[in-house]
Amino acid sequence: MPLRGPSQDLFKRSKQELSFSVGTGFQGGPSRKRKGYRLALWSLMASFIDALILLAISCAFLVLFSLLMKTPANAVIKIFFRSESNIMLLAQLYAVSAWVYLIATRVLTGSSIGEWACNIRLGQPHERMETRYVWRVLKRSTLIVATGVVVLPALSLILGGDLTGKLCGLRLFSLK
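Going by the numbering used here, the sequence shown wraps up at 178, each residue one higher than the last.
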């Protein structure tokens, strides 16, 4: 058996080259994809799903907090909803949580859980491998959270296109 040295190719390529886009759902061609109003409607639905997920996570943390403090959950809720400043604090905490959630899931997987459930992805696969992808996700997520999470998807639905994608340079793509 001959020894393998640096002069020999250790990683011989097979006859069938694997493409990065295998298994990502982008092979269907542009004729099968949702566009315009349909894509904007699915984007709005994805935002709604993400909002529900964040609400569920918030409820889970509320229950854990009440268990750690050994107080009933309704007592904790009453404390937080006593004054308007506490309600504003909770709204700000929710907005920051939404921002971190959107950035983390989109950078790591290319879509949030709501977008994944609706078969929507941010950017093409080759765009996700670029360094500036993270900055575009940061810009897009900041713009969405700063305008109230549902406002830009609703405007996109009214205008019939991905308004946020046009503003930040990172478009949504449909897998179906």
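Think of the CB as a built atom: it goes at the ideal place given N, C-alpha and C, for glycine as much as any other residue.
Exercise. Identify every residue that forms a DSSP beta bridge with residue 175.
Key: Numbered from its first residue, the sequence shown carries residue 175 at position 173. Answer is 123.
Exercise. Give a yes or no on whether the C-beta atoms belonging to residue 134 and residue 108 are separated by under 9 Å.
Key: For this step, residue 134 is matched to residue 132 along the sequence shown. For this step, residue 108 is matched to residue 106 along the sequence shown. Not a contact, by the Cβ cut-off of 9 Å.
Quiz prompt | the segment 83 to 98 contacting the segment 68 to 75, beta-carbon criterion three pairs below 8 Å | solution = no
Exercise. Rounded to whole angstroms, what's the CA-CA distance from residue 66 to residue 58? Just pull it up for me.
Key: As a first step, residue 66 is located in the sequence shown; it is residue number 64 there, counting from the start. As a first step, residue 58 is located in the sequence shown; it is residue number 56 there, counting from the start. Answer to the nearest angstrom: the Cα atoms are 12 Å apart.
Quiz item: Should residue 91 be labelled buried (16 or more other beta-carbon atoms within 10 Å of its own) or exposed?
Solution: Residue mapping note: residue 91 aligns to position 89 of the sequence shown, counting from 1. Residue 91 comes out exposed.
Quiz prompt | Within the segment 36 to 91, ranges of the alpha helix (DSSP H) (whole runs, at least 4 residues) | solution = 38 to 71, 75 to 82
Quiz item: To the nearest angstrom, how far is it from the Cα of residue 125 to the Cα of residue 55?
Solution: The residue given as residue 125 occupies position 123 in the sequence shown. The residue given as residue 55 occupies position 53 in the sequence shown. Their backbone Cα atoms lie some 23 Å apart in a straight line.
Practice problem: From the DSSP output, in three-state form, read off residue 111 for me. | Solution: Position 109 of the sequence shown, counting from 1, holds the residue named residue 111. Reduced to three states, the DSSP call for residue 111 is helix.
Quiz item: Is the beta carbon of residue 178 less than 9 Å from the beta carbon of residue 36?
Solution: Taking the sequence shown and counting its residues from 1, one reaches residue 178 at position 176. Taking the sequence shown and counting its residues from 1, one reaches residue 36 at position 34. In contact: residue 178 and residue 36 (Cβ atoms closer than 9 Å).
Quiz item: How should residue 152 be labelled, buried or exposed, when 16 other C-beta atoms within 10 angstroms of its C-beta is the threshold for buried?
Solution: Residue mapping note: residue 152 aligns to position 150 of the sequence shown, counting from 1. Classification of residue 152: exposed, given that the 10 Å Cβ count is below 16.
Quiz item: What is the rounded straight-line gap between the Cα of residue 161 and the Cα of residue 98?
Solution: By 1-based counting over the sequence shown, the position of residue 161 is 159. By 1-based counting over the sequence shown, the position of residue 98 is 96. For residue 161 and residue 98, the distance between alpha carbons rounds to 28 Å.
Exercise. Identify, in the order they occur along the chain, each residue of the same chain with its Cβ nearer than 7 Å to the Cβ of residue 163, setting aside the five sequence neighbours on each side.
Key: What you label residue 163 is simply residue 161 of the sequence shown in a count that begins at 1. Same-chain partners within the cutoff: 38, 42.
Self-check item: Straight-line Cα distance separating residue 122 from residue 48
Solution: Translated into positions along the sequence shown, residue 48 becomes position 46. Translated into positions along the sequence shown, residue 122 becomes position 120. C-alpha separation (whole angstroms): 8 Å.
Quiz item: Mapping DSSP to helix, strand and coil, what is residue 98?
Solution: Along the sequence shown, one-based indexing puts residue 98 at 96. Residue 98: helix per DSSP, three-state reduction.
Quiz item: With 16 as the cutoff for other CB atoms within 10 Å, does residue 137 come out buried or exposed?
Solution: Within the sequence shown, residue 137 is the residue found at index 135, counting from 1. Per the 10 Å Cβ criterion, exposed.
Quiz item: Between residue 174 and residue 45, which are expected to be in contact by the criterion C-beta below 8 Å, what is the C-beta distance as a whole number of angstroms?
Solution: As a working mapping, residue 174 is identified with position 172 in the sequence shown. As a working mapping, residue 45 is identified with position 43 in the sequence shown. With a Cβ gap of about 6 Å, residue 174 and residue 45 count as contacting.
Exercise. Kindly indicate which three-state DSSP category residue 132 falls into: helix, strand or coil?
Key: As a working mapping, residue 132 is identified with position 130 in the sequence shown. Note: residue 132 maps to coil in three-state DSSP.
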